[in-house]
Structure formats: structure tokens, C-alpha cells
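Take a look at the structure below.
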Amino acid sequence: MADPVSWLMIRTGWDVLAADGTKVGEVDEVAGDDTEDIFDGLAIATSALGKPRYVPAEQVAEITDGAVRLSLTREQVEQLSEYLEPATTLEVEPDSKGGFGETLATDVREVESDAFAPIQRHEHPMNLWRRLAFFFRRLGK
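When the count follows numbering that gives the first Met the number 0, it moves up by one through the sequence shown with no breaks and lands on 140 for the last residue.
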């Protein structure tokens, strides 16, 4: 029996086990705030290109090196809802930091963020390209 480890150690590709020890998927993503040590849950892949499922932290029974055991049965895992990626956020900086140069730099950063990382106001499902990226990331581990 392996020693328990912190949720901060969980990595993409780790096995996810049902309460009886059977493998039900692999970790796709860990949801939480590591700066505040708050573990929210996991996104798990139950099939190669299927939509990831969300497992709340309350359903995680044990974390050991390379495996996460749930307090759920295989059937309960199949009934879990789809994982929705969290909405992105924007850090707003004041315009009056130091003259025209600072104001211009703030405006440029805002335009750049709109073009390259648009703000999403609500959670959203993973698209096909993101699922493919996670699939290949799991294969590489």
C-alpha cells in the first residue's frame, strides 16, 4: 500500500480508480488554487477523446503516488457531469499610473489580451482541440 500524498502532487495522466480499485479513467486537469491550498476537484478522462468528467474534491477518497481513488462506483463515475473549464479573468490596472507612456502601455495590454486571450464570462465545455491536446499530453506521460 502506497503512502498518501498531497493533492498538489497530482499530475496529468495519473490513474483514477473507483471505490473498488478498478480503473475508471485518467487525470486530465486538477482544479484548485495552489497558492491558497484549496483543492476543488479533478477533470478526468474516461475515454480517449470523450468529454472529461468533473469529480468534486469531496468524492476523492485517497491520493497516492500515481493514482487517485474515488469514493464512487464505476456507475456513479459514468453519471458525473461534464467538466467545464473555468472562466478566464482580467486584472485591471489603473490608467493614472504615470503619464501618457503608462496609459498607452495599459491600452496595448488590454487590446492584446482581447485578441490573444479573450475574457470568458462563464464556464464553458472543452472544445475538440483542447480534448485532443489533453489526449496527446496524457500519452506523453
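In this text, a Cβ means the ideal position worked out from N, Cα and C, and glycines have one as well. Every value quoted in this text rests on a predicted model; they were computed, and no experiment measured them.
Here W128 is exposed, its C-beta having fewer than 16 other C-beta atoms within 10 Å. Counting only the Cα atoms, V23 lies some 13 Å from Y53.
Judged by DSSP secondary structure, R73 falls within the alpha helix (DSSP H) whose first and last residues are 73 to 77. Look at D39 here: in three-state DSSP terms it is strand. Under the 10 Å beta carbon count, A44 is surrounded by 16 or more other beta carbons and is classified as buried. Taking the Cα positions, E35 is about 15 Å away from M8.
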